[in-house]
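Student: So the sequence shown is numbered by the numbering used here: it starts at 3 and just counts up by one. Glycine is no exception: its CB is placed at the ideal position from the N, C-alpha and C atoms. Source: prediction; values computed, not measured. Right, I'll just put the structure down here and ask away after.
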Amino acid sequence: MGSGTILLIIIIGVIGYLVVIYNKFVSLRAGIDSSWSDIDVQLKRRYDLIPALVDTVKGYKEYEGSTLENVIKARQQGMGAATIDDKSAAQGALTSALGKLFALAEAYPDLKANTTFLKLQDELSAIEDTIQNARRYYNAIVRDYNAKVESFPDLLVAQKFNFTQRSYFELDESEADAAKKMPKIDL
3 MGSGTILLII IIGVIGYLVV IYNKFVSLRA GIDSSWSDID VQLKRRYDLI
53 PALVDTVKGY KEYEGSTLEN VIKARQQGMG AATIDDKSAA QGALTSALGK
103 LFALAEAYPD LKANTTFLKL QDELSAIEDT IQNARRYYNA IVRDYNAKVE
153 SFPDLLVAQK FNFTQRSYFE LDESEADAAK KMPKIDL
């Protein structure tokens, strides 16, 4: 073999390796987009349940209006959030507001015994679990993608083809505290 053939094999090998790196970026990006779509669907389901929950609580004369207003406001902020960081913050506010709403059930036994309220709370709890699992999956893909964006020689491909870091969908401390404090209603 001549030096030209060896050089050609090296060039083909390098190009092949760069194609593999590029395709991995495309695959991870598609995984991130798909997993974010799953989270977005669950967030919309959560938003759709809130009006029914608020209407159920409104049926009781002794509800606290400011608590309901906070839930409605937090829902609207979440629905209007455009970026992942904004949605993360909005979810923290919504979880906190919902925690206070569920605390009302403890203060009002009639509300605590309302089957519609209990059903909505169970549905919301199931959605919360699904969101948490989807968030973990999304963050795992983002972690792998971000590590690849920063790793050599992958970062050369990332820079050339504009693959940039992605944001995590994080649970902030106020949301974590609210989730821990959210009362569970036992029958």
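(1) Please return the same chain residues whose Cβ sits closer than 7 Å to the Cβ of glutamine 79, not counting the five positions on each side in sequence.
(2) Any idea if alanine 77 is buried or exposed, counting beta-carbon neighbours within 10 angstroms, 16 or more meaning buried?
(3) For alanine 83, tell me which candidate among Phe163, Lys46, Ile17 has the shortest Cα-Cα distance.
(4) If you reduce the DSSP assignment to three classes, tell me which class threonine 117 lands in.
(5) Among Val159, Ala109, Arg48, Val56, which has the Cα closest to the Cα of glutamate 130?
(6) Report the residue from Ala109, Ser90, Glu71, Asn148 whose alpha carbon sits nearest the alpha carbon of glutamate 172.
(7) Under DSSP, the alpha helix (DSSP H) around alanine 76 begins and ends at which residues?
(8) Do asparagine 148 and glutamine 134 have their C-beta atoms closer together than 8 Å?
(9) By the three-class DSSP mapping on this structure, what secondary structure does leucine 157 have?
(10) What's the gap between the Cα of asparagine 116 and the Cα of glutamine 44?
(11) Could you tell me the alpha carbon to alpha carbon distance between alanine 109 and alanine 99, rounded to whole angstroms?
(12) By how many angstroms is the C-alpha of isoleucine 74 removed from the C-alpha of leucine 158?
(13) Output the distance between the C-alpha atoms of isoleucine 14 and tryptophan 38, rounded to the nearest integer angstrom.
(14) If you run the structure through DSSP and keep just helix, strand and coil, what is glycine 33?
(15) Examine the Cβ distances between the stretch 26 to 34 and the stretch 137 to 157 and report whether three or more of them are shorter than 8 Å.
(16) Consult DSSP for tyrosine 170 and reduce its assignment to one of helix, strand or coil.
(17) Regarding glycine 101 and the ligand MG, is the C-beta to nearest heavy atom distance less than 7 Å?
Tutor: The answer reads as follows:
(1) Along the sequence shown, read from residue 1 onward, the residue named residue 79 stands at position 77. Cβ within range, chain order: Ala92, Ala95.
(2) Locating residue 77 in the sequence shown gives position 75, where the first residue counts as 1. For the sequence presented, residue 77 should be read as arginine rather than alanine. Burial call: buried.
(3) The count along the sequence shown starts at 1 and reaches residue 83 at position 81. For alanine 83, the nearest C-alpha among the options comes from Lys46.
(4) Locating residue 117 in the sequence shown gives position 115, counting from the first residue. DSSP places threonine 117 in helix when its eight states are reduced to three.
(5) For the purposes of this step, residue 130 is identified with residue 128 of the sequence shown, where counting begins at 1. Nearest option by C-alpha distance: Arg48.
(6) Start at 1 with the first residue of the sequence shown, and residue 172 comes out as number 170. Nearest option by C-alpha distance: Ser90.
(7) Translated into positions along the sequence shown, residue 76 becomes position 74. Run containing alanine 76: 67 to 82, per the alpha helix (DSSP H) assignment.
(8) Taking the sequence shown and counting its residues from 1, the one referred to as residue 148 is at position 146. Taking the sequence shown and counting its residues from 1, the one referred to as residue 134 is at position 132. Contact flag unset, no.
(9) Counting from one through the sequence shown, the residue named residue 157 turns up at place 155. DSSP places leucine 157 in helix when its eight states are reduced to three.
(10) Here residue 116 refers to the residue found at position 114 when the sequence shown is read from its first residue. Here residue 44 refers to the residue found at position 42 when the sequence shown is read from its first residue. Between asparagine 116 and glutamine 44, the C-alpha separation is close to 25 Å.
(11) Counting from one through the sequence shown, the residue named residue 109 turns up at place 107. Counting from one through the sequence shown, the residue named residue 99 turns up at place 97. Between alanine 109 and alanine 99, the C-alpha separation is close to 16 Å.
(12) Mapped onto the sequence shown, residue 158 falls at position 156. Mapped onto the sequence shown, residue 74 falls at position 72. The alpha-carbon of leucine 158 is positioned some 46 Å away from that of isoleucine 74.
(13) Looking up residue 14 in the sequence shown gives position 12. Looking up residue 38 in the sequence shown gives position 36. If I take the Cα positions, the gap works out to 36 Å.
(14) Residue mapping note: residue 33 aligns to position 31 of the sequence shown, counting from 1. Glycine 33: helix per DSSP, three-state reduction.
(15) yes
(16) The residue labelled residue 170 in the question sits at position 168 within the sequence shown. In the structure shown, tyrosine 170 sits in coil (DSSP, three-state: anything other than H, G, I, E or B).
(17) No copy of the ligand MG appears in this structure; indeed no ligand is present at all.
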